[in-house]
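Here the structure comes first, spelled out in structure tokens, and everything after it is commentary.
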Amino acid sequence: MTDFQSIINNIHNQLINEEVKGVVASYIPELFKQDINSFGIFLQHIDGSTYSAGQAETPFSIQSISKVLALSKAIAFEDNRIWQRVDVEPSGNPFNHLSLLELENGIPRNPLINSGALVIADILLTHLKNPKEDFLNYVRTIANDQTINYNTKVAASEKRTGYTNYAAANLLKSFKNLTNDVDDVLDFYFHQCSIDMSCSQLAKAFYLFANSGKCVNNIQHIPVSQAKRINAIMLTCGFYDEAGEFAFRVGLPGKSGVGGGIVALLPNKFIISTWAPGLNAKGNSLLGMQALELFTTQTKLSIF
Ligand code: DON
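The opening residue of the sequence shown carries number 2 in this note's numbering; numbering runs sequentially from there.
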């Protein structure tokens, strides 16, 4: 049997000493306060067993990882109607680029780039009675953890400096692909991105994508076929213009965030999450990607 605990211990011990750790995100000023030396790994096996190394229980800003959770909730409401407003093609562009959005008449390439996530936020605003409260409750339910919360300082920080997201939301609105007020959509989006979660909480929240739509408490939140689709979107779009590189090196569906988190999974087997705030040039965690590459190489567990 694979000795997951010693494998992740060894990976953690090896990478913690790397001199090149990447750069902490600074365009959201509050995130720049993160300690570059933070590093955690958590593995949640589908059979319930768990393994961890380093700061796996320390909450951090999940940022774009929230886009997958928001997408799953929107799909639960809209099912396949969602694809009329957002496509499922990799963009080959950075997460915040707008040029394709204008060329393609306000239909974002996919729900994991910022413009696509804004459309998903708009859908949630339309369906949820108390959007921020209800979305947080959904995240708490699927992670089976009532302590998860928004980080209002991070949300306020992005509200002050998120100029490109203001541009994206206004462009979407001009193409009539937002039904709610631009400011309400942005406020919801900045809050969903600001949620603080640890590697262990994230791995539990993503259990449903590895378990055919059923969360850790065995509740079916999305149909089996939609879990498959969300995994396909994570594989092809979860790392923006580095999605090919992630599939090539790691070989798992996954999602990154500029807080330095990554969650990846092998359906019916495990969910693995990492946190290391130093990012590479594409905005993905440098040590996190290295850790996951070592993990799938050493365990020979990937979708390929
Ligand atoms: O909208 C933004 O720019 C951030 N709230 C989230 C971006 C992000 O996490 C990109 N991921 N690597």
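Note that CB positions come from ideal geometry on N, CA and C, so glycine has one too.
Note down, in chain order, each residue of its chain lying with its Cβ closer than 6 Å to the Cβ of A156, except the 5 sequence neighbours on either side.
F191, H192 and S195
Where G55 falls: helix, strand or coil (DSSP)
strand
Looking at the unbroken beta strand (DSSP E) that takes in G255, where does it start and where does it end?
G255 to S257
Which residue from G93, R82, A168 and K215 puts its Cα closest to that of T142?
K215
For K160: DSSP bridge partner residues
Looking at the DSSP assignment, K160 forms no beta bridge with any residue, so it has no partner.
Check: F96 C-beta below 7 Å from any heavy atom of the ligand DON:
yes
According to DSSP, simplified to helix, strand and coil, what is K215?
strand
Contacting residues, own chain, Cβ-Cβ under 8 Å from K270 (five flanking each side not counted):
H46, I47, A211 and L302
Go through the region 130-182 residue by residue and report every complete run of the alpha helix (DSSP H) that reaches 4 residues or more, in order.
132-144, 153-162 and 164-175
Proximity test, C194 beta-carbon vs the ligand DON heavy atom, cut-off 7 Å:
yes
Looking only at DSSP bridge pairs, what is D197 linked to?
S62 and N150
Given this structure, state the Cα-to-Cα distance separating V251 from A206, to the nearest angstrom.
21 Å
Counting only the same chain and skipping the five closest in sequence on each side, list residues whose C-beta sits under 7 Å from that of I37.
K22, V25, P278 and G279
Same chain, Cβ closer than 7 Å to I234, five either side skipped, listed in chain order
V89, N111, P112 and L113
Here's the rule I'm using: 16 or more other beta-carbon atoms within 10 Å means buried, otherwise exposed. How should Q291 be labelled?
buried
Assuming L99 and A170 make a contact with CB atoms under 8 Å, what is their CB distance in whole Å?
The pair is not a contact, with the Cβ atoms about 11 Å apart (cut-off 8 Å).
Selected residue, minimal CA-CA separation from F61, among L70, I124 and L32
L32
Would you decide whether N131 is buried or exposed? Buried here means 16 or more other CB atoms lie within 10 Å of its CB.
exposed
Taking the Cβ atom as the reference point for each residue, do L179 and S116 lie within a distance shorter than 8 Å?
no
Give a single yes or no on whether N11 has its beta carbon closer than 7 Å to a heavy atom of the ligand DON.
no
What separation, rounded to the nearest whole angstrom, lies between the Cα atoms of N106 and S50?
47 Å
Exposure of R86, with buried meaning 16 or more beta-carbon neighbours within 10 Å
buried
Roughly how many whole angstroms lie between the Cα atoms of K160 and L125?
19 Å
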